[in-house]
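Numbering (the numbering used here), first residue to last: 8 to 338.
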Ligand SMILES: NC(=O)c1ccc[n+]([C@@H]2O[C@H](COP(=O)([O-])OP(=O)(O)OC[C@H]3O[C@@H](n4cnc5c(N)ncnc54)[C@H](OP(=O)(O)O)[C@@H]3O)[C@@H](O)[C@H]2O)c1
């Protein structure tokens with residue numbers, strides 16, 4: 008596994024990381040998620056499944072793991088795995104997020120699976136919960152889905168608290184979401200404290216269907232921020248399981264490039280993100296071992312300019328992309 012340093016944090020990370028959004032709770036929006044979990048949601052079975060995936064990722068050299076308070080029991084599963092395997096905090100980088108509260112009560116049919124709360128009170132509550140579970144294994148703490156609309160980037164009480172957490176040794180980041188990721192990132196990069204920029208790391212959606220945040224992410228990287236790519240598979244739309252007839256033409260274009268580069272559709276999608284000079288880490292969101300294995304093969308795909316040229320055409324407008332994503336059913 009290739010490694011790099013996450014921006015100017017000094018944190019050594021693998022170029023492919025594992026995201027736990029799909030394995031810490033019964034419900035999620037990824038296509039075919041319910042099938043991955045075989046609709047068996049007992050906590051013991053889900054934790055064992057998570058540990059098996061974490062073991063496979065670790066064995067393959069993955070050294071960045073991404074959780075969040077709203078991913079159900081993801082932090083708890085990760086914490087149990089870290090202590091059960093006796094993993095030295097210096098050998099791994101763990102990131103988590105605050106700002107969404109898990110409200111699904113372990114159900115897949117909940118009316119609301121998570122509620123956004125970017126208040127100072129919620130930050131104080133959730134950082135105590137994350138630290139209570141992960142302790143000194145927690146390296147990076149990110150605002151979950153910071154948007155201009157949420158107002159969190161203009162909240163002095165929250166920004167002050169994040170500055171205190173940074174002084175206390177945590178690396179501070181933000182994840183983005185929605186069609187205005189670039190604008191929110193540019194606003195975030197302006198926020199300074201005595202020691203320099205507040206934010207060390209940004210996590211953003213970038214993939215072959217939604218590449219619009221690319222230029223802003225390149226700017227962030229050039230300014231020393233670490234860059235983590237999420238949703239490189241477009242929640243499964245860029246995976247072999249997307250048999251949507253409306254997508255058939257684009258799937259054919261993708262399959263032709265995958266054949267030319269000697270790889271699979273999922274690995275092609277991740278390789279596209281890995282080929283961005285400003286991407287430090289690209290997250291796999293696999294919930295199944297064979298999918299993780301296939302995703303990890305992306306590290307050896309020889310991406311080239313021809314692939315960029317041939318696949319530019321499949322991109323959607325940010326409005327269409329995020330509109331489609333907002334209609335993906337929790338399953
Ligand atoms: N706002 C935020 O901060 C935010 C939002 C979204 C995600 N994230 C982070 O990014 C991570 C990844 O994102 P994501 O999981 O949402 O989306 P993603 O990586 O774009 O999509 C993953 C989906 O692709 C499927 N897949 C992967 N390889 C496959 C294969 N070979 N064949 C068939 N299906 C395949 C997975 O299926 P299986 O599940 O069956 O493996 C899963 O459904 C998350 O875990 C989380 O850490 C952060």
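We put the beta carbon where it would ideally sit given N, CA and C, even for glycine.
Asked                                                                                                                                          : Found
Compute the Euclidean distance between the alpha carbons of residue 149 and residue 174, then round it to the nearest angstrom.                : 15 angstroms
Taking the alpha helix (DSSP H) that residue 331 falls in, what are its first and last residues?                                               : 325 to 333
Rounded to the nearest angstrom, how far is the Cβ of residue 306 from that of residue 9, given a contact under 8 angstroms?                   : 6 angstroms
Under the rule that 16 or more other beta-carbon atoms within 10 Å means buried, what is residue 259, buried or exposed?                       : exposed
With DSSP run on the structure shown, which of helix, strand or coil describes residue 152?                                                    : strand
As a quick exercise: from 330, 51, 246, 285, pick the residue whose alpha carbon is nearest that of residue 292.                               : 246
So, are the CB atoms of residue 125 and residue 106 less than 7 angstroms apart?                                                               : yes
Is it the case that the CB of residue 298 approaches a heavy atom of ligand 1 more closely than 6 angstroms?                                   : yes
Rounded to a whole number of angstroms, what is the C-alpha to C-alpha distance between residue 141 and residue 283?                           : 31 angstroms
Which residue's Cα is closest to the Cα of residue 189: 95, 203, 225, 67?                                                                      : 225
Could you please go through the chain and list the residues whose beta-carbon is closer than 5 angstroms to any non-hydrogen atom of ligand 1? : 26, 28, 29, 37, 43, 73, 152, 182, 184, 237, 238, 240, 242, 243, 246, 247, 248, 273, 290, 292, 293, 294, 295, 298, 301
I need the DSSP call for residue 204, collapsed to helix, strand or coil.                                                                      : strand
Exposed or buried, residue 66, counting other C-beta atoms within 10 Å across all chains shown (16 or more means buried)?                      : exposed
Around the C-beta of residue 313, are 16 or more other C-beta atoms found within 10 angstroms, so that it is buried, or is it exposed?         : exposed
By a C-beta neighbour count over all protein chains shown, 10 Å radius and 16 as the cutoff for buried, is residue 70 buried or exposed?       : buried
So the alpha helix (DSSP H) residue 315 belongs to, where does it begin and stop?                                                              : 312 to 318
Can you give me the C-alpha to C-alpha distance between residue 22 and residue 13, rounded to a whole angstrom?                                : 9 angstroms
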